[in-house]
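In what follows, a structure is listed as structure tokens, so that the remarks can point back to it.
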Amino acid sequence: MKTTFQYPAFLQKGDKVTVVSPSSIIEPDILDGGIKCLKSWGLKVSKGRFVRGKYGNFAGTVQQRLGDLQRAMDDPDCKAIFCSRGGYGANNLLGDMDFTKFREHPKWLIGFSDITALHCRMQSEGFASLHAPMLKHLIEEGANDCCNQAIHDILFGINAQQRYVCPGHALNRSGKAEGIIRGGNMAVWHGLIGTPYDINPEGTILFVEDVGEKPHAIERMFYNLKLSGFLGKLSGLIICLFTEFEEHKQLGKELYPALADLLKGYSYPICFGFPVGHVSMNLPIVEGAQVQLKVTKKEVKLIFE
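Here the sequence shown stands for residues 91 to 395, where the numbers follow our numbering.
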């Protein structure tokens, strides 16, 4: 794959992987079911010491969660780190993550939502990672789910040049672009603006999603990106699924049309409703991959090189 970010080695049957809980508490049945699924892939599954931890709404204190993540990062035998769930708390860990041993033995980091913070930290060190559904999706959607199959195939190097073809949207702006795909949860990433873990917009195809955010809060974040000049430097924009909110009259229109109006001044391709988010159809995205984005009103093609 052509990219400026380093890819960890692809997995093989018999490889050791580690499940950690860097954010919120994970339900025991989801944890156990997810581990069973990973074992069915032929993987040897290790668990962080505090993967079942509880400290308020967190899966442990900052020191406990960081310790589990750091031990997995440092373990030369571990080939991938699966985050059990998101929620909130990953940003607590960013400043104290040590990549000294990780650079000697890079490994995949898998998760989405609050795990966006960890993806941004990985990219700040030059490593690709996998924005993808977590344990709950693995057990609820089953082995035949296309997203679960895509996670497996990406990690095992079965389909190195992943290609997604999705239905278009009336608000799409047609065009073609090439760049590095980066992004994730809008609110989590937006909270890292101005830090060393922010996203460089130049040469980036940005993808964003969120859950439970009010439309005016989403629009406010986009205005920040517009007024700062960030949006003007992008190569392309993928607006994914914003879910679990109530449309109301504060914007004067629904969310997607409001964002389309805000984005009228840019010439790069933009697509709406791409299937990434807090939904069952949540396509895995290799953060840091070189991709081609082809957008029309009829369809969207995202091709990983």
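Yeah, the Cβ is synthetic: ideal placement off N, Cα and C, and Gly gets one too.
- Listed in chain order, the non-local C-beta contacts of residue 221 below 7 angstroms within the same chain comprise 202, 209, 274, 374, 375, 377, local neighbours out to five positions each way being set aside.
- Residue burial is scored here from C-beta neighbours: residue 257 has fewer than 16 other C-beta atoms within 10 angstroms and is therefore classed as exposed.
- Here the C-alpha atom of residue 254 lies approximately 20 angstroms from the C-alpha atom of residue 293.
- Straight-line measurement puts the Cα of residue 184 at about 31 angstroms from the Cα of residue 360.
- Unbroken alpha helix (DSSP H) stretches of 4 residues or longer found wholly inside the stretch 308 to 354: 345 to 352, given in chain order.
- Beta bridge pairing from DSSP links residue 380 with 270.
- If the five residues before and after residue 371 are omitted, its C-beta is found closer than 6 angstroms to the C-beta atoms of 365, all from its own chain and listed in chain order.
- Per DSSP, residue 198 lies in no alpha helix (DSSP H); the unbroken beta strand (DSSP E) holding it starts and ends at 198 to 201.
- Within the model, the alpha-carbon separation for residue 212 versus residue 191 is close to 14 angstroms.
- Looking from the CA of residue 305, the closest CA among 326, 342, 317, 286 belongs to 342.
- Residue 353 and residue 205 have their C-alpha atoms roughly 27 angstroms apart.
- For residue 340, the CB contacts under 6 angstroms within the same chain, skipping 5 residues up- and downstream, are 306 in chain order.
- The Cβ-Cβ distance between residue 109 and residue 130 does not fall below 9 angstroms.
- Under the 10 Å beta carbon count, residue 286 is surrounded by fewer than 16 other beta carbons and is classified as exposed.
- With a contact defined as Cβ atoms closer than 8 angstroms, residue 223 and residue 237 qualify at about 6 angstroms.
- Contact between residue 148 and residue 179 holds, with the beta-carbon distance rounding to 5 angstroms and staying under 8 angstroms.
- In the structure shown, the three-state DSSP call for residue 221 is strand.
- Assignment of beta-bridge partners to residue 300 by DSSP yields 332.
- Judged by DSSP in its simplified three-state form, residue 142 adopts coil rather than helix or strand.
- Residue 215 and residue 196 have their C-alpha atoms some 11 angstroms from each other.
- When Cβ pairs closer than 8 angstroms are counted between the two stretches, the stretch 265 to 285 is seen to touch the stretch 324 to 332, the count reaching three or more.
- The secondary-structure analysis by DSSP pairs residue 254 across a beta bridge with 392.
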